[in-house]
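Everything on this sheet refers to the single structure shown next.
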Amino acid sequence: MRVTRASISPEPSGAGLVRLLGAAARIATSQRVLSLAIGLISAGVVVTTLATAGRVVSAERAVLERIDDADVTVIQVVDDEGGAGLDAVTVRRLESMSTVAWVVGLGPVEDVRPSGLPGAEPVPARYVVGSSPALRLPPDSGFRPQAVVGDASRDRLGLVDSSGAVDLTSGVQLPVVGTFTASPPLSSLRELVLIVEPSWTGPLRRIHVQVRNPEDVLVTAEAVQAVLGDGDNAAARVEVAQDLALVRAAVQGELGGTGRATVLQTLAAGLLLATLTIFAGLQGRRRDFGRRRALGATRVQLTGVVVLHVLLAAVPGALLGAVGGSVAVVALSGSGPGWQYPVAVALLTVAAMVLAAALPAVTAAWRDPVAALRVP
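Just so you know, we're using the numbering used here here: the sequence shown kicks off at -16 and counts up by one.
Have a look at this one:
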């Protein structure tokens, strides 16, 4: 009798993947011991990583937050003599830098007094250019220019309802149109009267530059100096908390390096343990793989089934480990590393488990089906 091989029409890729997932789910259900072992290894790797490297990351975050509270991300451009030529154009140029969040420029200090009270105590005032979430000015009232007061300067001027007028030493009278609020790093402005005039092009004596990310402070300071150029602007002084920035970089580098080394060591141990476990689990299924090969399953399909089986078993274990490890870190150190770190560790662990399945899967798929079927 002559046996001919039946031709099989290729399946769509989507249908083939669904069939592989179904086969992997059935294997995961039937091989409960192996699936449970893979899940426990995944959970153990995540918990161990979070309990060690996660505590380092939590400590790093706490230290960096304390350093950042010292306004390490603020750069100041100062023109003491008034000859550097800083103006609104300089502010716009600095605002265009990608690492800069906001820029606020302040003009020279002028004294103001409440109108009609020439003998009253003067209060310092400055023109302001730019905007910032840390400086909330009242809505534009249509006056050009106009004065706004902080809570401290309002009390010194004796303004009950934040309205009225003030006189500059030059004799110019400005309407007071409201109160502004200032928070760190601009909270010192509460002592001032700010003069708002969008078309003002006069000189600036001080520019506050807020950097988006603390690690970009030193680079941005160099870029600010480059923006000022070699002309008159070069007379301005660029001030940055360089010592704090260097300490921050050192802390981030030292603790970050320790955490990464711990993660790699834990993942390597988990990878080795998972590989040995999967090898042992697949040894008992040699006949099953030989039967599948004899029935027409390709090596790629068998490899995919094993990898998907490991993936289905590793994901729940990694998620449980991320939750349990995060709770453990908070209980041990009093603060957590944030949600991004446990998620990243869980994803890396799942990837390591899939990588661990690759060699056993390929070995099982490329085994001679006839020899596999002879296994008693």
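Built from N, CA and C at the ideal position, the CB exists for glycine as well. Quick caveat, the model's predicted, so the values are computed rather than measured.
(message) For a quick check, are the C-beta atoms of L177 and G133 less than 9 Å apart?
(response) Yes, Cβ-Cβ distance for L177 and G133 is below 9 Å.
(request) For L342, count neighbouring C-beta atoms within 10 Å of its own C-beta (all shown protein chains included) and say buried if the count is 16 or more, exposed if not. (result) Counting Cβ neighbours within 10 Å, L342 comes out exposed, since fewer than 16 surround it.
(message) I'd like to know whether the C-beta atoms of V223 and L187 end up nearer to each other than 9 Å.
(response) No, Cβ-Cβ distance for V223 and L187 is not below 9 Å.
(request) Output the boundary residues of the alpha helix (DSSP H) element that contains E78. (result) A71 to E78
(message) Taking a contact to mean a Cβ-Cβ separation below 9 Å, would you say S170 touches A117 in this structure?
(response) Cβ distance < 9 Å, so S170 and A117 count as in contact.
(message) Buried or exposed, going by whether 16 or more other CB atoms sit within 10 Å of the CB of I163?
(response) The identity of residue 163 in the sequence shown is Phe, whereas the question assumes Ile. Around the beta carbon of F163, 16 or more other beta carbons lie within 10 angstroms, which makes this residue buried.
(request) Spatial neighbours of T203 within its chain, please: CB distance less than 8 Å, with the 5 preceding and 5 following residues excluded, ordered by chain position. (result) Short of 8 Å from the beta carbon of T203, and not among the five residues preceding or following it, lie these beta carbons of its own chain, in chain order: I58, M80, T82, V83, V192 and V194.
(request) Measure how close the beta-carbons of P107 and V160 come, nearest whole angstrom, since I'm counting them as under 8 Å. (result) The Cβ separation is near 19 Å, so there is no contact.
(message) Rounded to the nearest angstrom, what separates A340 and N196 at their Cα positions?
(response) 39 Å
(message) By alpha-carbon positions, which one of Y324, V60, A20 and S18 ends up nearest to E205?
(response) V60
(request) May I have the straight-line CA-CA distance separating P158 from V179, to the nearest angstrom? (result) 11 Å
(message) Using 8 Å as the cut-off, can you tell me whether the stretch 25 to 39 makes contact with the stretch 304 to 312, which would need three or more C-beta pairs spanning the two stretches below that distance?
(response) yes
(request) Consult DSSP for A103 and reduce its assignment to one of helix, strand or coil. (result) coil
(request) Go ahead and label D63 buried or exposed: buried means 16 or more other beta carbons lie within 10 angstroms of its beta carbon, across all protein chains shown. (result) Exposed, since its Cβ has fewer than 16 Cβ neighbours within 10 Å.
(message) By the three-class DSSP mapping on this structure, what secondary structure does R139 have?
(response) helix
(request) Give, in chain order, every unbroken run of the beta strand (DSSP E) that is at least 3 residues long and sits entirely within the stretch 173 to 219. (result) 176 to 179 and 189 to 194
(request) Express the C-alpha separation of L142 and A135 in angstroms, rounding to a whole number. (result) 11 Å
(request) Tell me V313's beta-bridge partners as DSSP assigns them. (result) Looking at the DSSP assignment, V313 forms no beta bridge with any residue, so it has no partner.
(request) State yes or no: is the C-beta of Y324 within less than 9 Å of the C-beta of L33? (result) Yes.
(message) How far does the beta strand (DSSP E) with T35 in it extend, from its first residue to its last?
(response) Run containing T35: none; DSSP gives neither H nor E here.
(request) Reducing DSSP to helix, strand and coil, say where V326 ends up. (result) helix
(request) Work out the CA separation of P299 and R38 for me, nearest whole Å. (result) When rounded, the distance between both Cα atoms is 23 Å.
(message) Quick check on DSSP: helix, strand or coil for R15?
(response) helix
(message) What residue range does the beta strand (DSSP E) around L151 cover?
(response) G147 to L151
(request) Quick one: grab the DSSP three-state call for R9. (result) Helix, per DSSP.
(message) Please state whether the Cβ-Cβ distance between G22 and A263 is less than 9 Å.
(response) No.
(message) DSSP three-state label for I83, please.
(response) It is Val, not Ile, that sits at residue 83 in the sequence shown. Reduced to three states, the DSSP call for V83 is strand.
(request) Under 8 Å Cβ to Cβ from L315, same chain only, skipping five residues before and after it: list those, please. (result) The beta carbon of L315 sits closer than 8 Å to those of A34 and R38, all from its chain and outside the five residues before and after it, given in chain order.
(message) Just to check my reading of the structure: V74 and V111 have Cβ atoms closer than 8 Å, yes? What is that Cβ distance to the nearest angstrom?
(response) Actually they do not touch by this definition, with Cβ atoms about 10 Å apart.
(request) Apply the 10 Å Cβ neighbour rule to L247 and answer buried if 16 or more other Cβ atoms are within range, or exposed otherwise. (result) exposed
(request) Would you identify the three-state DSSP class for V221, choosing helix, strand or coil? (result) Strand.
(message) Whole angstroms are fine: how far does the CA of T184 sit from the CA of A219?
(response) If you take the alpha carbons of A219 and T184, they lie about 18 Å apart.
(request) Might you give, ordered along the chain, the residues of its own chain that have their beta carbon closer than 7 Å to the beta carbon of Q156, omitting 5 neighbours on each side? (result) S98, A148 and D150
(message) Just to confirm my understanding: we take W85, look at its own chain, exclude 5 residues before and 5 after, and list those with CB closer than 6 Å. What are they?
(response) S115 and Q193
(message) If you reduce the DSSP assignment to three classes, tell me which class R2 lands in.
(response) helix
(request) Identify which residue in T245, A165 and G68 has its Cα closest to the Cα of T31. (result) T245
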